[in-house]
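Single-structure report; data block below.
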Amino acid sequence: MLCPKCASEKTEVVSTVKGSINERYHKCIECGYGFITLEIVKVDVSLIEYANEINKSYVNYFEPCKKVV
Ligand SMILES: [Zn+2]
């Protein structure tokens, strides 16, 4: 990743905190500036498919209630 202060490509990862979102602590070798980046899942296709299946079952479950009201 480019240094946000001097745009140098010479940066190093000092430390990483892992979780559902990873935090990486970087340091620029050129100017010494420290910065943090976040690593997240952009799109998880399997979760979208799962959510669609859940939504379908809710629609089927609540369908009879709508007819009664
Ligand atoms: Zn820099």
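Its first residue numbered 4, the sequence shown is counted upward by one per residue in the working numbering. Idealized CB from N, CA, C, for every residue including glycine.
State the start and end residues of the unbroken beta strand (DSSP E) segment that holds residue i.
i: Glu15; result: Thr14 to Val20
i: Leu41; result: Gly37 to Glu42
i: Lys8; result: That residue, Lys8, is in no beta strand (DSSP E); it is neither H nor E in DSSP.
Applying the criterion that 16 or more other CB atoms from any shown protein chain within 10 Å of the CB defines a buried residue, is residue i buried or exposed?
i: Thr19; result: exposed
i: Cys34; result: exposed
Taking C-beta to C-beta, are residue i and residue j nearer than 9 Å?
i: Asn25; j: Glu52; result: no
i: Thr14; j: Ile39; result: no
Nearest CA to the CA of residue i: which residue from the options?
i: Pro7; options: Gly22, Ser23 and Lys30; result: Lys30
Less than 8 Å between the CB of residue i and some heavy atom of ligand 3, yes or no?
i: Gly35; result: Although ligand 3 was asked about, the structure shown includes only ligand 1 as ligands.
Does the beta carbon of residue i sit closer than 9 Å to a beta carbon anywhere in chain C?
i: Val20; result: No chain C appears in the structure shown, which is made up of a single protein chain.
Please look up how many angstroms separate the CB atoms of residue i and residue j, rounded, as I've assumed it's under 8 Å.
i: Gly37; j: Tyr28; result: 7 Å
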